[in-house]
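Novice:
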Amino acid sequence: MSEKKRRAVNEVYPAEAALVEALISDVKTRVLLAGLENRFSAGFYNGMVKGFMIGLIVSLLFFGVVFAYFVP
(Lines of atoms letter the chains of each structure in order from A and count residues from 1; the text may use other names and numbers.)
(Lines give C-alpha, C1' and ligand atoms only; values in the text may rest on other atoms or scores of the structure.)
Protein backbone atom coordinates (compact mmCIF):
# COMPACT_ATOMS: atom_id res chain seq x y z
CA MET A 1 0.00 0.00 0.00
CA SER A 2 1.40 3.34 -1.01
CA GLU A 3 -0.30 5.70 1.29
CA LYS A 4 0.73 9.35 1.05
CA LYS A 5 1.28 11.35 4.17
CA ARG A 6 -1.31 14.03 4.66
CA ARG A 7 -0.04 17.44 5.61
CA ALA A 8 -1.83 20.27 7.34
CA VAL A 9 -0.25 22.72 4.87
CA ASN A 10 -0.26 21.84 1.18
CA GLU A 11 2.92 23.68 0.24
CA VAL A 12 6.09 24.81 1.88
CA TYR A 13 5.91 28.24 3.47
CA PRO A 14 9.26 30.03 3.15
CA ALA A 15 10.59 32.11 6.01
CA GLU A 16 10.77 35.24 3.86
CA ALA A 17 7.08 35.00 3.02
CA ALA A 18 6.25 34.57 6.70
CA LEU A 19 8.37 37.61 7.54
CA VAL A 20 6.67 39.76 4.89
CA GLU A 21 3.23 38.61 6.05
CA ALA A 22 4.13 39.41 9.66
CA LEU A 23 5.36 42.89 8.68
CA ILE A 24 2.17 43.59 6.72
CA SER A 25 0.07 42.40 9.64
CA ASP A 26 2.07 44.65 11.98
CA VAL A 27 1.52 47.67 9.74
CA LYS A 28 -2.22 46.93 9.54
CA THR A 29 -2.40 46.72 13.33
CA ARG A 30 -0.51 49.99 13.79
CA VAL A 31 -2.74 51.80 11.29
CA LEU A 32 -5.83 50.45 13.05
CA LEU A 33 -4.57 51.59 16.46
CA ALA A 34 -3.66 55.04 15.11
CA GLY A 35 -7.15 55.36 13.65
CA LEU A 36 -8.78 54.36 16.93
CA GLU A 37 -6.63 56.83 18.84
CA ASN A 38 -7.47 59.58 16.35
CA ARG A 39 -11.18 58.79 16.64
CA PHE A 40 -11.03 58.91 20.43
CA SER A 41 -9.16 62.22 20.51
CA ALA A 42 -11.57 63.78 17.99
CA GLY A 43 -14.55 62.72 20.09
CA PHE A 44 -12.88 63.94 23.27
CA TYR A 45 -12.11 67.34 21.74
CA ASN A 46 -15.66 67.56 20.38
CA GLY A 47 -17.06 66.86 23.84
CA MET A 48 -14.81 69.49 25.41
CA VAL A 49 -15.93 72.13 22.92
CA LYS A 50 -19.60 71.25 23.41
CA GLY A 51 -19.21 71.38 27.19
CA PHE A 52 -17.41 74.72 27.01
CA MET A 53 -20.12 76.22 24.81
CA ILE A 54 -22.94 74.93 27.02
CA GLY A 55 -21.20 76.36 30.09
CA LEU A 56 -20.59 79.70 28.38
CA ILE A 57 -24.21 80.02 27.23
CA VAL A 58 -25.62 79.04 30.63
CA SER A 59 -23.26 81.48 32.37
CA LEU A 60 -24.21 84.34 30.04
CA LEU A 61 -27.90 83.62 30.50
CA PHE A 62 -27.50 83.45 34.27
CA PHE A 63 -25.53 86.70 34.49
CA GLY A 64 -27.93 88.39 32.07
CA VAL A 65 -30.91 87.45 34.20
CA VAL A 66 -29.11 88.49 37.41
CA PHE A 67 -28.04 91.86 35.98
CA ALA A 68 -31.46 92.50 34.45
CA TYR A 69 -33.16 91.70 37.74
CA PHE A 70 -30.83 93.53 40.15
CA VAL A 71 -29.66 96.47 38.03
CA PRO A 72 -32.45 98.99 37.47
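Counting in the numbering used here, the sequence shown runs from 114 upward without gaps. Think of the CB as a built atom: it goes at the ideal place given N, C-alpha and C, for glycine as much as any other residue. Predicted model, so just to flag it, every value in this text is computed and none were measured.
(1) When DSSP labels each residue in this structure, what does residue 124 get in the three-state scheme?
(2) Alpha carbon to alpha carbon, what distance is there between residue 124 and residue 150?
(3) Identify whether residue 162 lies in helix, strand or coil by the three-state DSSP scheme.
Specialist: The relevant details are as follows:
(1) Walking along the sequence shown from the start, residue 124 turns up at place 11. Looking at residue 124 - three-state DSSP - the assignment turns out to be coil, as it is neither helix nor strand.
(2) Here the question's residue 150 lines up with position 37 in the sequence shown. Here the question's residue 124 lines up with position 11 in the sequence shown. If you take the alpha carbons of residue 150 and residue 124, they lie about 39 Å apart.
(3) Position 49 of the sequence shown, counted from the start, is the residue given in the question as residue 162. Here residue 162 sits in helix by DSSP.
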